[in-house]
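Chains as they are written, first to last, in the numbering used here: chain A, 41 to 193; chain B, 17 to 304.
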């Protein structure tokens with residue numbers, strides 16, 4: 041038992057091996073140690089969804105996940121679902137439908153929608169609303185985000 | 017905000033995890049962390065040692081045992097229970113409840129055992145498990161004991177579990193009749209919730225027994241005993257009348273805290289409305 045542990049995990053398909061203090065939060069590991077700034081910290085209490093990343097494909101709040109918990113697992117962030125040249129079809133749908141304004145919540149929404157469409161490629165309207173209930177946006181009023189997702193369903 | 021530093025260990029067996037938490041309970045069991053890490057980040061809880069139980073096999077199963085009881089491993093996530101075929105078949109209301117706890121990220125990693133052990137008054141599962149007459153199996157260095165769900169929560173954020181006891185399993189009889197659950201909420205947690213279970217006799221025309229629990233009004237779910245008594249032995253066509261007669265006095269007898277979810281009178285009113293809706297669901301047929 042120790043206050044520091046070595047962890048190794050896959051981040052967007054790339055193998056990472058790093059030693060972390062055991063109380064390190066995943067969002068800080070991703071943003072500050074590794075330097076990927078797409079994942080946002082906002083409410084810091086699992087309510088807003090801005091820090092959403094995928095752990096073995098399932099959406100989680102990286103603000104309230106220990107870095108040691110991703111040992112030997114797969115983490116995907118917004119950088120991992122963004123093609124090198126251009127945008128993913130989900131990102132394009134958000135742009136086309138005006139599903140963002142300030143953009144701060146957008147990486148979290150994109151990650152949640154990525155997980156939703158993988159679990160249910162053709163979600164119903166209710167399934168879209170239910171799945172995205174835990175992602176907050178203070179700009180759009182959600183209608184345009186809903187329309188963006190609906191266009192992919 | 018960061019939690020204060022702690023030692024972290026992940027152990028493969030219950031015995032090793034119990035030993036690591038220690039006889040004086042200076043360590044804490046840890047799984048999803050959706051409640052515990054929040055409290056540690058806010059620095060209202062601190063532990064010297066976090067003992068991760070996610071590596072222990074056998075704590076995340078769901079099965080029907082030989083005594084016709086449903087057993088749920090305490091480490092089952094809300095998502096796991098929501099999607100389980102056995103739960104969907106025998107207790108669809110519990111499946112629906114788990115599919116609606118907090119949000120998708122909390123359901124991915126948060127566990128039913130963690131939810132119970134945190135003792136948060138505004139929670140969904142405790143009310144349902146109390147109405148299902150569940151017993152919670154606790155394992156410590158000295159042995160194993162079972163506690164009825166009704167007696168598990170002892171105060172706000174307090175349970176009968178000793179710090180060095182691990183909640184391993186939740187067990188309840190397979191429901192023989194309708195089980196329903198209704199809640200009212202503003203944010204992620206229920207402001208008030210009501211669960212009801214009844215069993216029918218005489219070709220589904222007479223209510224043989226009924227259990228009703230109201231949650232989130234005070235520190236733990238409470239029985240609406242007067243309404244349960246009024247329903248017992250009545251024909252289902254008289255159920256609405258029986259509830260209407262007994263409800264006002266039963267609501268007055270509830271222990272209700274005013275909190276940020278509302279004043280005492282308002283929350284008491286909500287409990288009555290939610291019970292009526294449970295009744296509508298139960299009378300609407302099916303077992304949802």
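For every residue, glycine included, the Cβ atom is placed at its ideal position computed from N, Cα and C. Note that the structure is a prediction, hence the values are computed from the model and not measured.
Same chain only: Cβ atoms within 8 Å of residue i, ignoring 5 sequence neighbours per side
i             : result
residue 214/B : 193, 194, 223, 224, 225, 226, 227, 247 and 298
residue 276/B : none
residue 169/A : 186
Nearest neighbour of residue i, chosen from the options [CA to CA]
i             : options                       : result
residue 45/A  : 166/A, 121/A and 57/A         : 57/A
residue 173/A : 157/A, 67/A and 87/A          : 87/A
residue 172/B : 135/B, 143/B and 155/B        : 135/B
residue 170/B : 198/B, 145/B, 137/B and 148/B : 137/B
residue 229/B : 220/B, 249/B and 292/B        : 292/B
residue 253/B : 221/B, 265/B, 263/B and 236/B : 221/B
residue 22/B  : 53/B, 149/B and 148/B         : 53/B
residue 187/B : 75/B, 277/B and 158/B         : 75/B
residue 267/B : 155/B, 239/B and 84/B         : 239/B
residue 70/A  : 110/A, 85/A and 171/A         : 110/A
residue 204/B : 262/B, 115/B, 151/B and 160/B : 115/B
residue 110/B : 191/B, 36/B, 275/B and 175/B  : 191/B
residue 233/B : 66/B, 57/B, 256/B and 285/B   : 285/B
residue 216/B : 245/B, 250/B and 189/B        : 250/B
residue 82/B  : 277/B, 177/B, 189/B and 265/B : 189/B
residue 265/B : 241/B, 276/B, 125/B and 175/B : 241/B
residue 104/B : 90/B, 125/B, 91/B and 80/B    : 80/B
residue 192/A : 148/A, 133/A and 151/A        : 133/A
residue 300/B : 129/B, 58/B, 196/B and 261/B  : 196/B
residue 112/B : 141/B, 283/B and 162/B        : 141/B
residue 296/B : 61/B, 256/B, 147/B and 36/B   : 256/B
residue 151/A : 165/A, 42/A, 83/A and 100/A   : 100/A
residue 133/B : 59/B, 149/B and 47/B          : 47/B
residue 149/B : 167/B, 161/B, 160/B and 219/B : 167/B
Contacting residues, own chain, Cβ-Cβ under 6 Å from residue i (five flanking each side not counted)
i             : result
residue 179/B : 41
residue 123/B : 94, 95 and 117
residue 138/A : 184
residue 181/B : 154 and 156
residue 78/B  : 88, 100 and 102
residue 34/B  : 157
residue 236/B : 169
residue 280/B : 272 and 274
residue 198/B : 210, 290, 293 and 294
residue 145/A : 90 and 177
residue 75/A  : none
residue 200/B : 207, 208 and 286
residue 24/B  : 66
residue 302/B : Low confidence applies to residue 302/B: its pLDDT is 41, below 50, so where it sits in the model is not reliable enough to give any reading.
residue 288/B : 263 and 267
residue 148/A : 89, 90, 92 and 175
Neighbourhood of residue i by C-beta distance below 7 Å, restricted to the same chain and skipping five residues each side
i             : result
residue 182/A : none
residue 28/B  : 71 and 72
residue 108/A : 45, 47, 60 and 62
residue 112/A : 48 and 49
Where residue i sits in the DSSP three-state scheme
i             : result
residue 268/B : helix
residue 48/B  : coil
residue 43/A  : coil
residue 128/B : helix
residue 238/B : strand
residue 90/A  : coil
residue 109/A : helix
residue 22/B  : coil
residue 95/A  : strand
residue 59/B  : coil
residue 70/A  : helix
residue 225/B : strand
residue 166/A : helix
residue 68/B  : strand
Contact check, residue i vs residue j, beta carbons under 8 Å
i             : j             : result
residue 86/B  : residue 106/B : yes
residue 211/B : residue 143/B : yes
residue 63/A  : residue 18/B  : yes
residue 64/B  : residue 49/B  : no
residue 30/B  : residue 184/B : yes
residue 117/A : residue 131/A : no
residue 125/A : residue 114/A : no
residue 97/B  : residue 171/A : no
residue 165/B : residue 151/B : yes
residue 66/A  : residue 92/A  : no
residue 140/A : residue 79/A  : no
residue 51/B  : residue 129/B : no
residue 45/B  : residue 69/B  : yes
Exercise. Would you mind listing the beta strand (DSSP E) stretches within the stretch 144 to 208 of chain B that are 3+ residues and don't spill past its ends, in chain order?
Key: 151 to 156, 159 to 164, 169 to 171, 182 to 189 and 195 to 201, all fully within the stretch 144 to 208 of chain B.
Self-check item: Entirely enclosed alpha helix (DSSP H) segments - the stretch 123 to 158 of chain A, minimum 4 residues
Solution: 129 to 136
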